[in-house]
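K.L.:
Below you will find the structure I want to go over with you.
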Amino acid sequence: MSIVIETQELTKKFGAFTAVDHISFSVEKGEIFGFLGANGAGKTTAMRMLCGLSKPTSGKGFVAGYNIEKESEMVKKNIGYMSQKFSLYEDLKVWENIRLYAGIYGVDGKLIPRKTDETLSKIGLSGEKNSMVKELPLGWKQKLAFSVAILHEPRIVFLDEPTGGVDPITRRQFWEMIYEATERGITVFVTTHYMDEAEYCSRVSIMVDGRIDALDTPHNLRTQFSAQNMDEVFRRLARKAKRMDT
Amino acid sequence: MDNAILKCLSINKRYGDVQALTNIDLTVKKGELFGLIGPDGAGKTSLFRILTSLLPADSGTAVVNGLDVEKDFRELRRQIGYMPGRFSLYQDLSVEENLNFFATIFNTTVKENYHLVSDIYRHIEPFKNRRAGKLSGGMKQKLALSCALIHKPTVLFLDEPTTGVDPVSRKEFWEMLKNLKEQGITIIVSTPYMDEAGLCDRIALIQHGKMLSVETPDRITAQFPHKLYRAESKNNYALLGALRQNPEVKSAYMFGEYLHVVFKDKLPHYDETNSKSEDNTQIVFNEIEPCIEDCFIALMNE
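Those protein sequence lines, which keep their order, are chains A and B.
Just so we're aligned: 52 in the working numbering is position 47 of the first sequence, and the numbers increase by one with no gaps anywhere.
Just so we're aligned: 196 in the working numbering is position 187 of the second sequence, and the numbers increase by one with no gaps anywhere.
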């Protein structure tokens, strides 16, 4: 197994406040890695560092083999990213969004029309090629955003609460897309507030006050905390938090 | 229902080509904690805006607290509290200034109704001089709830107060709602989280602008039309694919660590004979009680 994400004592401070506090973990190729934590636990800050968008205060991190501090541009080229808050341009058409992102990620221009059709047919949106993104239901948008984020076959895709507010059927279709991507060798790094989705991950880490307080398979975490489900595991850990959600 | 505090009949709303709400009938009893459960785009916000007099319906009538939402909107707005889904307090006023502002607008004082909000407001009181725009998500939510409550409304409308909030903070928020209910306030709350449905007295399941069901959570799960089984294997995704290929299976979907399965026959020969997964371990199907999310999926598939 090859390691595609590795951090050693990765830390981020904002003034006197330690947002991410010496976290060390690694993620293997093809894993679905669930990155959980309460609001304010430091997930977003950690994820921004892993994506090369924010420099660590101390410690090290490697993503797709590149140093997140010194080779952040190479990191960005080898990852895909989508979040619930921002993923696609609402006032561009579906095909225009694909064209734009494919261009940004350096997909060969000649391949883009074929990739566009393939992507849309796979998620059943061929008929929406010329629709404005703002006209699509949220669930469709999120499926499209995910397809766009992996269009350039990145080694890792980062998903920040990709399914918030999505209906229960589309939410499951989204996770089936995630499984398909991992079968093609793409590693998935995902945050979620749905605890049933934590069960879909190969391994899960739980952040509390900037530290990783637990990291294992969902099965082992349930055993370790003698819990019925991940919701219980999460609540037990997150309740220990001393940090105010500031 | 004679103790109804909210009643709407045949509400329709259309935006251009999009039919946002179709013939919505709804009755909420005085003192109820009522949940409107449905995904983004189901029409929850449109319905809330109509019921709070902020958006006119194309047709239909709605009466809240004996007041027509169109004709009596001025009086209605004095009597209800509304917390929109998007944070809409004054970002450049401090926590304390926002609360004072909303109290003053409604001709009251923070002091007069402090008992109503104290349980919630005390969490953010240490930061009362901070600008609202600088608060964290959880603190903004508490301030918004305090501001919606400070004029002692009889009916409180909360539009997706827990969206994007972690499970622990969500639980805390529902504890606060329970306390408010005990003070006699009728609460109508919308949420995309199906697991919050069980915390309501009654719920309405809404999808594509239509009510799928309005009942107590227990009755909705009791009405689930099939026997539901759960199964698990080392590779649930592979098992899911295998089950979908099987002609005996009506539907199969992921559900946390398990798969949930409905068979076409009422008495599947499956639950005795078992099937085999890829690695030749026996797959056992155990019958389980459906939850609200199972019911929602079944209703969506109808």
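A virtual CB, placed ideally from N, CA and C, is assigned to each residue, including glycine.
Could you give the C-beta distance for residue 238 of chain B and residue 310 of chain B, rounded to a whole number, given that I count them as a contact under 8 Å?
P.N.:
Counting from 1 along the second sequence, the entry for residue 238 of chain B is found at position 229. Counting from 1 along the second sequence, the entry for residue 310 of chain B is found at position 301. Contact doesn't hold; Cβ gap of about 17 Å is too wide.
K.L.:
For residue 15 of chain B versus residue 36 of chain B, is the C-beta distance shorter than 8 Å?
P.N.:
Position 6 of the second sequence, counting from 1, holds the residue named residue 15 of chain B. Position 27 of the second sequence, counting from 1, holds the residue named residue 36 of chain B. For residue 15 of chain B and residue 36 of chain B, yes; Cβs fall inside 8 Å.
K.L.:
At what residues does the alpha helix (DSSP H) containing residue 59 of chain A begin and finish?
P.N.:
The residue you call residue 59 of chain A lines up with position 54 of the first sequence. Taken as a continuous stretch (DSSP letters only), residue 59 of chain A belongs to no alpha helix (DSSP H), as it is neither H nor E.
K.L.:
Establish whether the CB of residue 5 of chain A and some CB of chain B are separated by less than 8 Å.
P.N.:
Residue 5 of chain A lies beyond the residue range present for chain A, which begins at 6 and ends at 251; the question has no answer from this structure.
K.L.:
Given 8 Å as the limit, is there contact between the segment 53 to 65 of chain A and the segment 230 to 238 of chain A, that is, 3 or more CB pairs closer than that?
P.N.:
No, the segment 53 to 65 of chain A is not in contact with the segment 230 to 238 of chain A.
K.L.:
Give a yes or no on whether the minimum CB-CB distance between residue 6 of chain B and chain A is below 8 Å.
P.N.:
Look at the range of chain B in this structure, 10 to 311, and you will see that residue 6 of chain B is not part of it.
K.L.:
Does the distance between the C-beta of residue 40 of chain B and the nearest non-hydrogen atom of the ligand NAP fall short of 7 Å?
P.N.:
Only the bare structure without any ligand can be found here, which leaves the ligand NAP out of the picture.
K.L.:
May I ask you to verify whether the segment 165 to 175 of chain A touches the segment 143 to 150 of chain A, counting CB pairs closer than 8 Å and requiring at least 3?
P.N.:
Yes, since at least three Cβ pairs between the segment 165 to 175 of chain A and the segment 143 to 150 of chain A fall closer than 8 Å, the two stretches touch.
K.L.:
I'd like to check one pair, residue 10 of chain A with residue 194 of chain A: are the Cβ atoms closer than 8 Å?
P.N.:
What you label residue 194 of chain A is simply residue 189 of the first sequence in a count that begins at 1. What you label residue 10 of chain A is simply residue 5 of the first sequence in a count that begins at 1. Yes, the Cβ-Cβ distance between residue 194 of chain A and residue 10 of chain A is below 8 Å.
K.L.:
DSSP beta-bridge partners for residue 29 of chain B?
P.N.:
Residue numbering aside, residue 29 of chain B sits at position 20 when the second sequence is read from its first letter. Answer by DSSP bridge pairing: none, since residue 29 of chain B is not bridged.
K.L.:
To which residues of the same chain is residue 223 of chain A closer than 7 Å at the C-beta, ignoring the five residues directly before and after it?
P.N.:
Here the question's residue 223 of chain A lines up with position 218 in the first sequence. For residue 223 of chain A, where only same-chain residues beyond five positions count, the Cβ hits under 7 Å are 203, 204, 206, 209 and 235.
K.L.:
Applying the criterion that 16 or more other CB atoms from any shown protein chain within 10 Å of the CB defines a buried residue, is residue 160 of chain B buried or exposed?
P.N.:
In the second sequence, counting from the first residue as 1, residue 160 of chain B sits at position 151. It is buried - the Cβ of residue 160 of chain B has at least 16 other Cβ atoms within 10 Å.
K.L.:
Given 8 Å as the limit, is there contact between the segment 169 to 185 of chain B and the segment 32 to 50 of chain A, that is, 3 or more CB pairs closer than that?
P.N.:
The answer is yes - the segment 32 to 50 of chain A touches the segment 169 to 185 of chain B, with three or more Cβ pairs under 8 Å.
K.L.:
Give the secondary structure of residue 14 of chain B by DSSP, where H, G and I count as helix, E and B as strand, and everything else as coil.
P.N.:
For this step, residue 14 of chain B is matched to residue 5 along the second sequence. Three-state DSSP puts residue 14 of chain B in a strand.
K.L.:
Would you mind working out which of A/162, A/53, A/103 and A/15 sits nearest residue 119 of chain A, comparing C-alpha positions?
P.N.:
Looking up residue 119 of chain A in the first sequence gives position 114. If we check each option's Cα against that of residue 119 of chain A, A/103 comes out closest.
K.L.:
Are three or more beta carbon pairs between the segment 178 to 189 of chain B and the segment 17 to 34 of chain B nearer than 8 Å?
P.N.:
No contact exists between the segment 178 to 189 of chain B and the segment 17 to 34 of chain B.
K.L.:
Does DSSP classify residue 232 of chain B as helix, strand or coil?
P.N.:
As a first step, residue 232 of chain B must be located in the second sequence, where it is residue number 223. Three-state result, residue 232 of chain B: coil.
K.L.:
Go to residue 37 of chain A, then tell me how far its alpha helix (DSSP H) extends in each direction, as first and last residue.
P.N.:
Taking the first residue of the first sequence as 1, we reach residue 37 of chain A at position 32. Where residue 37 of chain A is concerned, there is no enclosing alpha helix (DSSP H), although the beta strand (DSSP E) it sits in stretches over 37 to 42.
K.L.:
Residues in the same chain with beta-carbon distance under 8 Å from residue 136 of chain A, minus the five sequence neighbours each way, listed in chain order, please.
P.N.:
Residue mapping note: residue 136 of chain A aligns to position 131 of the first sequence, counting from 1. 98 and 99, listed in sequence order.
K.L.:
Based on the DSSP secondary-structure assignment, which residues constitute the bridge partners of residue 12 of chain A?
P.N.:
Along the first sequence, one-based indexing puts residue 12 of chain A at 7. Per DSSP, A/30 and A/66.
K.L.:
Using C-beta distances below 7 Å, list every residue in its chain close to residue 181 of chain A, excluding the 5 sequence neighbours before and after it, in chain order.
P.N.:
Here residue 181 of chain A is taken as the residue at index 176 of the first sequence, counted from 1. Result list for residue 181 of chain A: empty, nothing under 7 Å.
K.L.:
Relative to the C-alpha of residue 39 of chain B, which residue among B/230, B/269, B/162 and B/257 is closest?
P.N.:
Sequence index remark: in the second sequence, residue 39 of chain B carries index 30 (1-based). The residue with the shortest Cα to Cα distance from residue 39 of chain B is B/162.
K.L.:
Under 7 Å, CB to CB, which of the residues in the segment 187 to 207 of chain A have a partner in chain B?
P.N.:
Listed by position, the residues of the segment 187 to 207 of chain A near chain B (Cβ gap below 7 Å) are 198, 200, 201, 204 and 205.
K.L.:
Which first and last residues belong to the beta strand (DSSP E) in which residue 151 of chain B is found?
P.N.:
Within the second sequence, numbered from 1, the residue matching residue 151 of chain B stands at position 142. First-last for residue 151 of chain B: 146 to 158, but that is the alpha helix (DSSP H), not the beta strand (DSSP E).
K.L.:
For residue 293 of chain B, does the count of other Cβ atoms within 10 angstroms reach 16, so buried, or fall short, so exposed?
P.N.:
Mapped onto the second sequence, residue 293 of chain B falls at position 284. Exposed.
K.L.:
Going by Cα to Cα distance, which pick from A/185, A/157, A/40 and A/54 is closest to residue 128 of chain A?
P.N.:
If you number the first sequence from 1, residue 128 of chain A lands on position 123. Of the listed residues, the one whose Cα sits closest to residue 128 of chain A is A/185.
K.L.:
Quick one: give me the first and last residue of the beta strand (DSSP E) that residue 212 of chain A is part of.
P.N.:
The residue you call residue 212 of chain A lines up with position 207 of the first sequence. Where residue 212 of chain A is concerned, the enclosing beta strand (DSSP E) stretches over 208 to 213.
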